[in-house]
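To keep things clear, I will list the structure first and then write my remarks on it.
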Amino acid sequence: MAIQDPDVEIISLHERQSPAGYSGGLSHRVNHSTLRESAGAATEPPGQHDVLDETQRWDLPRVNILRVFATFWCFLLLGANDSLYGAIIPYLETYYNIAYIKVSLLFISPVSGFIVSTLCNHSIHSHFGQRGIALIAGSCHVVAYIVASLHPPFPALVVVYILVGLGSGAKQAAWNSFISGLCNSSELLGLLPGFYGTGATIAPALTTFAVTRRGWSWYMIYYILAGMAGLDMVFSLSVFATQNGHAYRERIADTNSQPSVNAQPLPAISARQPAANFLTRSRTFQCLRNHVVLLCSIHLLSYVGCEVALGGWIVTFMRRIRHGGDFQSGMVSSGLWAGITVGRMVLGFVTGRVFKSPKWAVMFYLSAAVAMHLCFWLIPNFMASAIFAAFLGFFLGPIFPCVILCLSNLLPSRMRVSAVGICSAVGASGASIIPFMVGAIAQAKGVAVLQPIVLAFLILCFIIWCFVPNSPKGLWK
Numbered sequence: 001m002a003i004q005d006p007d008v009e010i011i012s013l014h015e016r017q018s019p020a021g022y023s024g025g026l027s028h029r030v031n032h033s034t035l036r037e038s039a040g041a042a043t044e045p046p047g048q049h050d051v052l053d054e055t056q057r058w059d060l061p062r063v064n065i066l067r068v069f070a071t072f073w074c075f076l077l078l079g080a081n082d083s084l085y086g087a088i089i090p091y092l093e094t095y096y097n098i099a100y101i102k103v104s105l106l107f108i109s110p111v112s113g114f115i116v117s118t119l120c121n122h123s124i125h126s127h128f129g130q131r132g133i134a135l136i137a138g139s140c141h142v143v144a145y146i147v148a149s150l151h152p153p154f155p156a157l158v159v160v161y162i163l164v165g166l167g168s169g170a171k172q173a174a175w176n177s178f179i180s181g182l183c184n185s186s187e188l189l190g191l192l193p194g195f196y197g198t199g200a201t202i203a204p205a206l207t208t209f210a211v212t213r214r215g216w217s218w219y220m221i222y223y224i225l226a227g228m229a230g231l232d233m234v235f236s237l238s239v240f241a242t243q244n245g246h247a248y249r250e251r252i253a254d255t256n257s258q259p260s261v262n263a264q265p266l267p268a269i270s271a272r273q274p275a276a277n278f279l280t281r282s283r284t285f286q287c288l289r290n291h292v293v294l295l296c297s298i299h300l301l302s303y304v305g306c307e308v309a310l311g312g313w314i315v316t317f318m319r320r321i322r323h324g325g326d327f328q329s330g331m332v333s334s335g336l337w338a339g340i341t342v343g344r345m346v347l348g349f350v351t352g353r354v355f356k357s358p359k360w361a362v363m364f365y366l367s368a369a370v371a372m373h374l375c376f377w378l379i380p381n382f383m384a385s386a387i388f389a390a391f392l393g394f395f396l397g398p399i400f401p402c403v404i405l406c407l408s409n410l411l412p413s414r415m416r417v418s419a420v421g422i423c424s425a426v427g428a429s430g431a432s433i434i435p436f437m438v439g440a441i442a443q444a445k446g447v448a449v450l451q452p453i454v455l456a457f458l459i460l461c462f463i464i465w466c467f468v469p470n471s472p473k474g475l476w477k
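The numbering of the sequence shown is full-length UniProt numbering, which starts it at 1 and goes up by one.
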């Protein structure tokens with residue numbers, strides 16, 4: 001490839017004669033200092049200049065439009081899944097005649113699935129690509145929801161939720177990485193969790209209405225989830241059909257390819273070198289040693305755990321502590337998730353105009369969330385609690401996309417996809433750990449423990465975030 005001197009040449013990866021281009025990678029500015037850092041070169045040849053890869057957009061190539069919509073639909077399903085806990089917990093307690101500690105197993109059982117998906121994400125990409133994620137993770141969700149719709153014995157329900165965790169962890173890591181790799185991804189990273197919040201808003205309202213007004217049994221709602229999961233698997237599998245393991249390895253080889261014969265070559269994947277080992281050594285291992293990745297992972301674990309703990313136990317809290325009716329308490333759960341959705345979709349577009357960097361935005365939103373949570377907790381009135389729960393969700397909403405954006409700004413481009421995947425998967429595990437903790441303690445102390453536990457983890461989020469470096473020059477791109 002020719003390099004125009006002194007100008008910068010635009011080189012499109014789509015012009016390469018590879019069978020299929022992997023669209024989940026991040027296009028980025030490649031300069032010799034980056035290459036030297038990766039390859040260990042001691043000096044930079046004089047007279048060389050930057051080379052830009054053409055960045056993929058949400059509408060370029062055209063198939064990316066369908067791929068983005070597929071990720072939106074997937075996150076709609078994920079949001080519905082995570083918020084459904086709160087709506088059905090009271091009915092599970094009655095149907096199976098079980099206490100808080102046992103019903104909380106539904107929160108903790110997906111953790112093993114999240115762990116497996118985190119460890120195997122790169123390996124699945126290397127062997128099967130994004131279409132492998134669509135098939136494997138989609139199958140996990142479909143099977144789990146079909147089994148749940150058959151209202152099996154409670155231990156079997158706990159086991160199938162391991163599949164839910166496996167599917168959710170793999171999808172969140174893969175599609176967050178895909179979206180973050182597109183040009184101008186900050187807006188898309190706001191919309192993606194927004195669709196998650198939309199699904200989380202609809203599911204409790206639909207479940208509460210169907211059970212209290214239409215006489216459905218709790219397990220009938222899984223008919224709808226099974227249908228959504230089946231559509232998600234077929235849709236994602238079709239639009240990512242060309243993104244197999246070979247396409248992924250080609251993309252990695254293209255990213256590591258050398259723009260100039262004078263520079264040191266980067267290590268490439270060959271047929272004799274296991275792709276999973278290469279990826280673990282050059283991506284995952286580097287990310288796990290990076291303090292920014294570790295801080296953001298712990299932050300998201302606490303944040304997502306608070307979000308799902310509130311959504312999972314708020315119906316029980318409003319019924320037992322605020323003495324609300326079944327329908328009214330279910331609507332409070334939808335109000336919380338509606339606040340999260342509106343916060344992500346609205347504040348995501350105005351935050352960059354108000355705050356100088358994502359770090360300061362997160363600090364402000366966390367402070368506001370703590371204030372709303374204290375009002376929610378300390379004012380013993382049903383209507384006031386419902387209002388403050390919605391405002392609490394409103395300020396919690398934009399935190400996740402701001403954290404992902406800050407993470408992308410702080411890391412070199414070669415680490416972003418892996419880092420976003422790891423942080424998303426670890427954060428998703430928080431959706432199991434903290435709600436289970438609430439249920440376990442509530443068994444002895446009552447469901448009122450929800451409020452101090454959530455407050456403690458919100459404060460922990462704030463403290464951890466203080467140690468995250470600020471984005472260079474306060475970048476919002």
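Cβ atoms here follow ideal geometry from the backbone N, Cα and C, with glycine treated the same way. Quick caveat: nothing in here was measured; it's all calculated off a predicted structure.
Could you please give the first and the last residue of the uninterrupted alpha helix (DSSP H) stretch that includes residue i?
i, result
"Ile-379", "No alpha helix (DSSP H) contains Ile-379, which DSSP labels as neither H nor E."
"Val-350", "348-354"
"Cys-406", "399-410"
"Ala-174", "154-180"
"Ser-109", "From DSSP, Ser-109 is part of no alpha helix (DSSP H); its letter is neither H nor E."
"Thr-341", "326-342"
"Phe-69", "63-96"
"Ser-357", "Where Ser-357 is concerned, there is no enclosing alpha helix (DSSP H), given that its DSSP letter is neither H nor E."
"Phe-452", "Just to set this straight, residue 452 is Pro in the shown sequence, not Phe. Where Pro-452 is concerned, the enclosing alpha helix (DSSP H) stretches over 450-466."
"Thr-316", "291-320"
"Ser-238", "221-239"
"Val-103", "100-103"
Take residue i and list the residues in its own chain whose beta-carbon comes closer than 8 Å to its own, dropping the five residues that flank it on each side.
i, result
"Ile-179", "Val-68, Thr-71, Ser-185, Leu-188, Leu-189 and Leu-192"
I'd like the list of long-range same chain contacts for residue i, defined as Cβ closer than 7 Å, with 5 residues on each side in sequence excluded.
i, result
"Ala-134", "Met-233, Ser-236, Leu-237 and Phe-240"
"Phe-395", "Gly-343, Tyr-365, Ala-368, Ala-369 and Met-372"
"Cys-466", "none"
"Gly-197", "Gly-79, Trp-337, Ile-340, Thr-341, Arg-344 and Gly-397"
"Val-116", "Leu-166"
"Asn-470", "Ser-357 and Lys-359"
Taking residue i and residue j to be in contact with their CB atoms under 8 Å, please state how far apart those CB atoms are, rounded to whole angstroms.
i, j, result
"Ser-333", "Ile-314", "5 Å"
"Ala-173", "Gly-421", "4 Å"
"Met-383", "Ala-205", "Met-383 to Ala-205, Cβ: 18 Å. No contact."
"Leu-450", "Val-468", "The Cβ separation is near 27 Å, so there is no contact."
"Ala-390", "Gly-339", "4 Å"
"Gly-181", "Gln-56", "7 Å"
"Gly-312", "Tyr-85", "4 Å"
"Gln-286", "Met-415", "6 Å"
"Asn-64", "Trp-58", "6 Å"
Does the distance from the CB of residue i to the CB of residue j come in under 9 Å?
i, j, result
"Leu-301", "Val-370", "no"
"Gly-199", "Leu-347", "no"
"Ala-156", "Val-164", "no"
"Gly-194", "Thr-351", "no"
"Leu-407", "Cys-296", "yes"
"Phe-400", "Val-293", "no"
"Asn-81", "Leu-231", "no"
"Thr-118", "Ser-429", "yes"
"Tyr-222", "Ser-149", "yes"
"His-141", "Ala-229", "yes"
"Ile-404", "Asn-176", "yes"
"Pro-452", "Ser-104", "no"
"Thr-207", "Ile-88", "yes"
When burial is assigned at 16 or more other CB atoms within 10 Å of the CB, is residue i buried or exposed?
i, result
"Gly-245", "buried"
"Trp-377", "buried"
"residue 478", "Residue 478 is absent from the structure shown; the chain starts at 1 and stops at 477."
"Ile-463", "exposed"
"Pro-110", "buried"
"Gly-446", "exposed"
"Pro-153", "exposed"
"Ala-444", "exposed"
"Ala-425", "buried"
"Tyr-126", "Per the sequence shown, the amino acid found at residue 126 is Ser instead of Tyr. Ser-126 is buried by the Cβ-count criterion."
"Asn-409", "buried"
"Lys-356", "exposed"
"Ser-217", "exposed"
"Leu-310", "buried"
"Gly-227", "exposed"
"Val-354", "exposed"
"Gly-335", "buried"
In chain order, what residues of the same chain have a beta carbon less than 6 Å from the beta carbon of residue i, not counting five sequence neighbours either side?
i, result
"Tyr-161", "Leu-106, Ser-109 and Pro-110"
"Lys-171", "Cys-74 and Ala-137"
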